[in-house]
Amino acid sequence: MYDVITVGSATVDALARTEFCETIHDKKNEECIVYPVGAKILMKELILTVGGGGTNTAVSLSRLGHKVAFLGKIGSKYNSGRVIHQLKKENVNTSLIIRSKTGRTGYSIVLDSKNHDRTILTFRGSNRDLKFSEVKLKKLKTKWFYFSSMIGTSFRTLEKIANYASKNNIKIAFNISSYLAKKGKNYLKNILKKINILVLNKEEAALLVGKGNIENLLKKISKLGPNIVSITDGKHGAYALYNNQIYCGKSNKVKIVETTGAGDAFASSFVCGIIKKGNIDFAMKLGMTNAESVIQHHGAKEKLLTYNAALKIMKKRPIRVIKKRL
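For the sequence shown, position 35 matches number 34 in our numbering, and the numbering has no gaps at all.
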């Protein structure tokens with residue numbers, strides 16, 4: 000029996016750092032990374048890591064002390080071996096992984112800006128082709144599923160796994176993406192009704208239910224079905240709504256090196272806090288502590304904390320959580 004099975008994407012990530020990168024604002028006032036056309040730009044550093052929401056959260060939950068397996072679809076060539084090696088190294092069970100004979104493992108190129116925000120070029124590969132018929136239901140022995148965002152055929156498979164979980168009293172946490180949020184609440188309504196914990200950022204929340212302040216976003220999303228809703232808002236902190244009480248966590252000031260994986264770190268650690276203590280206050284502090292660790296280094300997994308390490312940092316650099324009754 001697993002504590003958690005994560006279901007989601009697996010990619011090989013190439014983190015490209017260059018001194019040249021500039022940012023401008025376009026006509027919509029959106030900040031854009033700019034490179035000169037036709038130029039050959041030298042990279043200061045190239046870092047290859049294993050990424051994807053499914054593997055990031057699997058490693059995070061494993062380091063936090065849970066028995067974890069990863070369910071996803073990868074290719075059958077070199078990059079797939081890199082993914083499996085990384086997961087095994089982190090004590091994540093890989094027996095549920097589907098290997099495509101024809102498809103390729105997902106790949107991402109992460110472009111860093113001078114302000115350490117990032118733009119990601121993503122090749123989904125086999126991540127979008129996980130079929131429900133490929134999933135061995137008898138092996139899905141777990142207390143929790145953790146769903147990261149998936150698209151195409153794989154999203155329909157998520158819906159069917161959610162139905163399976165609902166029938167078998169397995170709890171579900173879901174961390175959606177902007178892609179799914181843009182699809183709208185009607186597209187997601189069947190799966191949201193079965194979710195115990197939903198985690199998303201403020202931009203995704205606005206795409207899902209329309210613009211509004213954090214309190215209104217939390218209330219609108221909670222009406223869609225999830226028992227617990229948490230919204231992250233970058234440097235402004237994180238928020239949660241449960242049982243008509245809003246929780247507001249204030250971020251510590253830290254030096255940001257790169258933000259890749261921060262959302263996965265928060266969401267998985269938030270879920271860990273709920274699993275271990277059933278306490279929103281503690282879950283928010285654990286989530287924010289792990290996210291702050293990740294953004295101070297390159298890569299989504301490199302500085303994910305163990306449970307004991309997170310507790311020590313929480314004592315040394317406490318995060319304040321304010322509660323408000325609706």
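Here a beta-carbon is modelled for each residue, glycine too, at the ideal position from N, C-alpha and C.
Quiz item: Measuring CA to CA, which of D12, T118, L70 and R316 is closest to E21?
Solution: If we check each option's Cα against that of E21, T118 comes out closest.
Quiz item: Which residues does DSSP pair with Q244 in a beta bridge?
Solution: Paired residues: Y241 and R324.
Quiz item: Can you list, in chain order, the residues of its chain whose CB lies under 8 Å from that of K218, leaving out five sequence neighbours each side?
Solution: The answer, listed in chain order, is L240 and L325.
Quiz item: Going by the beta-carbon positions, is the gap between V67 and V91 smaller than 8 Å?
Solution: Yes.
Practice problem: Please name the residue, chosen from H84, T104 and L110, that lies closest to I40 on a Cα-to-Cα basis. | Solution: Selected option, being the one with the closest Cα: L110.
Exercise. Compute the Euclidean distance between the alpha carbons of L60 and K300, then round it to the nearest angstrom.
Key: Here the alpha carbons of K300 and L60 stand approximately 11 Å from one another.
Quiz item: Between L216 and the rest of its own chain, which residues show a CB-CB distance below 8 Å, the 5 nearest in sequence each way excluded?
Solution: Sequence-distant Cβ neighbours of L216 in its own chain, meaning closer than 8 Å and more than five residues away, are K201, A204, A205, V208 and I230.
Quiz prompt | Unbroken beta strand (DSSP E) run spanning V67, endpoints | solution = Per DSSP, the unbroken beta strand (DSSP E) holding V67 starts and ends at V67 to L70.
Practice problem: Please state whether DSSP places G105 in a helix, a strand or coil. | Solution: Strand, per DSSP.
Exercise. Grab the span of the beta strand (DSSP E) containing Y1 for me, first residue to last.
Key: Note, Y1: beta strand (DSSP E), Y1 to V6.
Exercise. Within the same chain, show all residues whose beta-carbon is closer than 6 Å to that of A172, passing over the 5 residues directly before and after it, in chain order.
Key: Contacts found: Y145, I196 and V270.
Quiz item: In three-state DSSP terms, what is H24?
Solution: Strand, per DSSP.
Self-check item: Selected residue, minimal CA-CA separation from N198, among E158, I312, L47 and G52
Solution: According to the sequence shown, residue 198 is Val rather than Asn. Closest option to V198, Cα to Cα, is G52.
Self-check item: Local conformation of K170 per DSSP, three classes
Solution: Note: K170 maps to strand in three-state DSSP.
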